[in-house]
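Structure first, then comments.
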Amino acid sequence: MRPLVTIIIPFYNDTYVNQAVQSALSQSYSPIEIIVVDDGSTQFVERLTPFMPYIHYLGKANGGTASALNHGIRSASGEYIAWLSSDDIFYPDKINNQVLFMQQHNAWISHTNFNYINQYSMVTQYRAGVSFERMVDFYRCFLNANPVNGCTVMMRKQLFAYIGLFDERLPYTHDLEFWARAIQAGFPMPYLDEPLVAYRMHEGMGTIRHREAIQHEYAATQASVRTALAPIVAAMD
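For my numbering, count along the sequence shown from 1 and bump the result up by 3.
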């Protein structure tokens, strides 16, 4: 039997949420469970109405992306979990190809290439992800940057039992901190070099609206990640 995959879509006042949900429903793979976590939205909730028979809708008070992801993870039934932001899109073979890839590599967590799209869903850059020939080069990149796009990541649900959930104290850099924690715990993150996600750049995205706060938090998280991973990189060189 093929493993159940849970797609978690955190949602907060996002006009594109219907496109995200439709892309999850249009996957070539089955079985799939779709959980939309409404993080206290006051706008665009009606865009979910046509999809309600096909999704699990969870409402909660506003607490940020990390808390929304964790809420979805706790309710997930899937053996594998994928994260889809409500303004991004999964291409139809995303889940199918990544499940096969993870099974072939016996991976607990993996990530893929992606394309940039604009507000009209037009591709503005193909294959925007960064690939590394050696794992040590991938790990070294973490010392100064975040080379992993969160919406390309798939994880075994069991991973959270080993390293914990996303850190809800980090509104903007919970992803970077989690990737570093996984690496530090000895879980490699193999890279599937296929663009399986469309990452939307638009004026309303959080990385633009909260740029100053993100920069401040990122500096602190990056310093912590560098301290954690520098010895691993040094040992691999």
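Note that the Cβ used here is the ideal one computed from N, Cα and C, for glycine as well.
Owing to the predicted nature of the structure, the values given are computational and were not obtained by experimental measurement.
Within 8 Å, strictly: CB atoms of residue i and residue j
i	j	result
residue 220	residue 175	yes
residue 40	residue 79	no
residue 90	residue 19	yes
residue 171	residue 224	no
residue 84	residue 22	no
residue 232	residue 173	no
residue 15	residue 42	yes
residue 152	residue 200	yes
residue 7	residue 62	no
residue 86	residue 186	no
residue 302	residue 111	The structure shown does not extend to residue 302, since the chain is modelled only from 4 through 240, so no value can be given for it.
Integer-rounded CB distance, given that residue j should sit under 8 Å from residue i
i	j	result
residue 142	residue 235	6 Å
residue 76	residue 168	6 Å
residue 183	residue 228	4 Å
residue 131	residue 119	5 Å
residue 68	residue 13	5 Å
residue 100	residue 197	6 Å
residue 204	residue 121	6 Å
residue 17	residue 139	Actually they do not touch by this definition, with Cβ atoms about 37 Å apart.
Residues bridged to residue i [DSSP beta-bridge criterion]
i	result
residue 202	119
residue 41	14 and 62
residue 8	35 and 83
residue 20	Answer by DSSP bridge pairing: none, since residue 20 is not bridged.
residue 126	120
Next item on the list: Could I get the ranges of all uninterrupted alpha helix (DSSP H) runs contained in the region 52-115, with 4 residues as the minimum, in chain order?
Entry: 68-78 and 97-108
Notebook entry, point to check: Taking contact to mean at least 3 C-beta pairs separated by less than 8 Å, is the region 152-169 in contact with the region 109-120?
Noted result: yes
Notebook entry, point to check: Can you find at least 3 beta carbon pairs, one from the region 123-137 and one from the region 24-34, that sit closer than 8 Å?
Noted result: no
Checklist line | contact_flag[the region 37-52, the region 91-98] where n(CB pairs < 8 Å) is 3 or more | finding: no
Next item on the list: Let me know the beta strand (DSSP E) ranges lying completely inside the region 136-202, each 3 residues or longer, listed in chain order.
Entry: 157-159
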